[in-house]
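When the letters of the sequence shown are read in order and numbered with the UniProt record's numbering, they come out as residues 1 to 385.
We put the beta carbon where it would ideally sit given N, CA and C, even for glycine.
Here the structure comes first, spelled out in structure tokens, and everything after it is commentary.
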Amino acid sequence: TLQRLYGCTSQSNNRENNYYSNVDDDSVFVGKIPCVCPPAPIPEIVLLEDWIIYFFTAEWTLRLIFYEPTPIIGHKHGSGIWGRFCRWLTFFLQATTILDALAIFPYYLERLDIANGLLSLRLLRLFRVFQLVRLGQYNVTFMSLTNVLVKSILSFNLLIIVLLFGAAFFGSMIYWLEKGEWKYSDYTDPPSFMYVRIGVDGITEEPSPFTSIPASFWWFIVTATTVGYGDTYPTTVGGKCVAAFAMMTGVLVIAFPVSVFSDLWQKELKESGALEILDDISENGEPSEKNMTEGSNEVDDQPRFVEISKKTKKSPMSTLGFPDPVREILSRPSTDKLDEEQEPSGEIIQLKQKDVEEIHHQMRLINESQQKILDLLKSSTVVQS
Numbered sequence: 001t002l003q004r005l006y007g008c009t010s011q012s013n014n015r016e017n018n019y020y021s022n023v024d025d026d027s028v029f030v031g032k033i034p035c036v037c038p039p040a041p042i043p044e045i046v047l048l049e050d051w052i053i054y055f056f057t058a059e060w061t062l063r064l065i066f067y068e069p070t071p072i073i074g075h076k077h078g079s080g081i082w083g084r085f086c087r088w089l090t091f092f093l094q095a096t097t098i099l100d101a102l103a104i105f106p107y108y109l110e111r112l113d114i115a116n117g118l119l120s121l122r123l124l125r126l127f128r129v130f131q132l133v134r135l136g137q138y139n140v141t142f143m144s145l146t147n148v149l150v151k152s153i154l155s156f157n158l159l160i161i162v163l164l165f166g167a168a169f170f171g172s173m174i175y176w177l178e179k180g181e182w183k184y185s186d187y188t189d190p191p192s193f194m195y196v197r198i199g200v201d202g203i204t205e206e207p208s209p210f211t212s213i214p215a216s217f218w219w220f221i222v223t224a225t226t227v228g229y230g231d232t233y234p235t236t237v238g239g240k241c242v243a244a245f246a247m248m249t250g251v252l253v254i255a256f257p258v259s260v261f262s263d264l265w266q267k268e269l270k271e272s273g274a275l276e277i278l279d280d281i282s283e284n285g286e287p288s289e290k291n292m293t294e295g296s297n298e299v300d301d302q303p304r305f306v307e308i309s310k311k312t313k314k315s316p317m318s319t320l321g322f323p324d325p326v327r328e329i330l331s332r333p334s335t336d337k338l339d340e341e342q343e344p345s346g347e348i349i350q351l352k353q354k355d356v357e358e359i360h361h362q363m364r365l366i367n368e369s370q371q372k373i374l375d376l377l378k379s380s381t382v383v384q385s
């Protein structure tokens with residue numbers, strides 16, 4: 001009989017895997033055997049995932065190896081080897097670098113079977129989702145959204161604080177009004193003691209969902225955020241009054257962060273140029289060349305014509321608010337003719353975009369140095385000769 005069973009299940013010409021046997025007047029019927037093995041991923045998808053992980057691993061490793069710290073004048077760690085290492089360590093400990101590592105290395109732990117079924121290590125697989133966040137680094141709208149969220153942290157903190165205090169206040173009130181009576185009930189199997197309250201009809205009894213004050217926090221958060229799942233609800237008159245105040249409080253609390261986020265979102269879109277791009281797409285079907293240039297972060301190598309005119313001969317030091325003796329010393333003519341030889345001639349100079357950005361960077365460094373000099377001179381005593 002076992003041989004006939006094995007034979008019927010191994011036959012490939014039987015589409016239903018059903019088998020009848022009338023040998024020795026014994027009828028045997030074999031039906032489909034369900035598969036109890038866990039589902040296996042498609043091999044092509046696994047291979048694609050492997051190559052993507054290898055690519056991200058190589059990119060993350062090369063980013064760490066070839067990171068070149070920007071030289072910073074007056075850095076607290078200096079500009080030597082130690083200063084470069086400190087800046088590299090700062091780059092390594094950035095949130096984006098750590099998230100990339102958490103999205104990559106759980107894959108190798110799973111492949112090498114190092115996790116051994118540990119729940120804490122298996123949860124690290126969820127960090128693979130953060131690989132999708134990296135796609136937003138190349139999108140102007142996504143970066144604008146990130147900047148708005150960072151600027152809106154204060155308003156979101158206010159929302160969280162109010163929700164916590166409201167959950168403690170309204171949760172306590174709804175608990176004492178809706179918990180019902182502690183009595184022996186047969187609503188469970190086997191019967192046991194539980195909180196029982198009067199139902200919506202005012203006649204029948206039902207188990208109370210408000211079993212504790214922390215359990216009531218969920219009700220307030222769902223009510224205040226206007227979600228309203230309906231899994232927990234009040235049935236008494238006092239509980240309904242508390243719920244009405246909780247609803248109005250939630251509307252007022254959410255209105256402030258939403259308005260702040262909306263204003264910051266509009267300003268960020270205008271500054272990044274994404275709003276003009278969206279307007280052009282809605283009107284013309286495609287963005288204009290001007291807005292695409294303003295909205296992109298790519299470096300424009302087209303030459304820019306900058307006119308440098310000789311309008312003033314004042315030294316940059318003359319614009320600072322130095323005391324009179326110091327200003328007199330700084331305004332003395334130089335002994336060499338270096339300034340006169342390098343003074344602009346008023347002609348048109350052809351510059352590229354990267355050169356213009358470098359000039360702005362150097363001018364910013366000059367302004368910072370002048371501010372430091374001003375602070376040092378103000379904190380010291382000037383002695384006239």
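Beta-carbon spacing of residue i, residue j below 8 angstroms
i	j	result
Phe170	Val242	yes
Thr235	Ile198	yes
Val200	Ser208	no
Gly180	Phe220	no
Phe256	Val148	no
Leu64	Phe92	yes
Ile104	Ile53	yes
Phe127	Leu102	yes
Tyr175	Ile213	yes
Unbroken beta strand (DSSP E) run spanning residue i, endpoints
i	result
Phe193	Ser192 to Ile198
Pro207	Glu205 to Pro207
Own chain, CB closer than 7 angstroms to residue i, minus 5 neighbours either side, in chain order
i	result
Asp263	none
Asn139	none
Val162	Val253
Residue i (DSSP reduced to helix, strand or coil)
i	result
Tyr184	strand
Ser345	In this predicted model, Ser345 has a pLDDT of only 48, less than 50, meaning its place in the structure is not dependable; the value taken from the coordinates is given anyway. Reduced to three states, the DSSP call for Ser345 is coil.
Phe66	coil
Ile45	helix
Gly202	coil
Pro234	coil
Ala40	coil
Asp355	helix
Phe56	helix
Phe142	helix
Gly228	coil
Asp50	helix
Asp375	helix
Asp263	helix
Leu269	helix
Glu368	helix
Leu132	coil
Phe245	helix
Phe256	helix
Contact belief for residue i with residue j at Cβ below 8 angstroms, rounded distance in angstroms
i	j	result
residue 390	Thr225	The structure shown has nothing for residue 390, since the chain only spans 1 to 385.
Gly239	Leu177	5 angstroms
Tyr184	Pro190	Between Pro190 and Tyr184 the Cβ distance is about 11 angstroms, and since that is not below 8 angstroms, they are no contact.
Trp51	Asp100	In fact, because the Cβ distance is near 17 angstroms, the residues do not count as touching under 8 angstroms.
Start-to-end residues for the alpha helix (DSSP H) that takes in residue i
i	result
Asp162	Here residue 162 turns out to be Val, not Asp, going by the sequence shown. From DSSP, the alpha helix (DSSP H) with Val162 extends over Ile153 to Glu178.
Leu102	Ala95 to Arg111
Phe92	Ile81 to Phe92
Phe127	Segment: none, Phe127 is in no alpha helix (DSSP H) and carries neither H nor E.
Phe220	Ile213 to Ala224
Contact set for residue i: own chain, Cβ-Cβ below 6 angstroms, skip 5 residues either direction
i	result
Trp265	Val148
Ser268	According to the sequence provided, residue 268 is Glu. The question's Ser does not apply to it. Excluding residues within five positions, the ones whose Cβ falls inside 6 angstroms are Ser144, Asn147 and Val148.
Trp218	none
Met173	Val242
Thr97	none
Glu206	Gly199
Tyr107	Ile53
Residues of its chain near residue i, where Cβ-Cβ distance is below 8 angstroms and the 5 sequence neighbours each way are ignored
i	result
Ser152	Pro257, Val260, Phe261 and Leu264
Val251	Thr226
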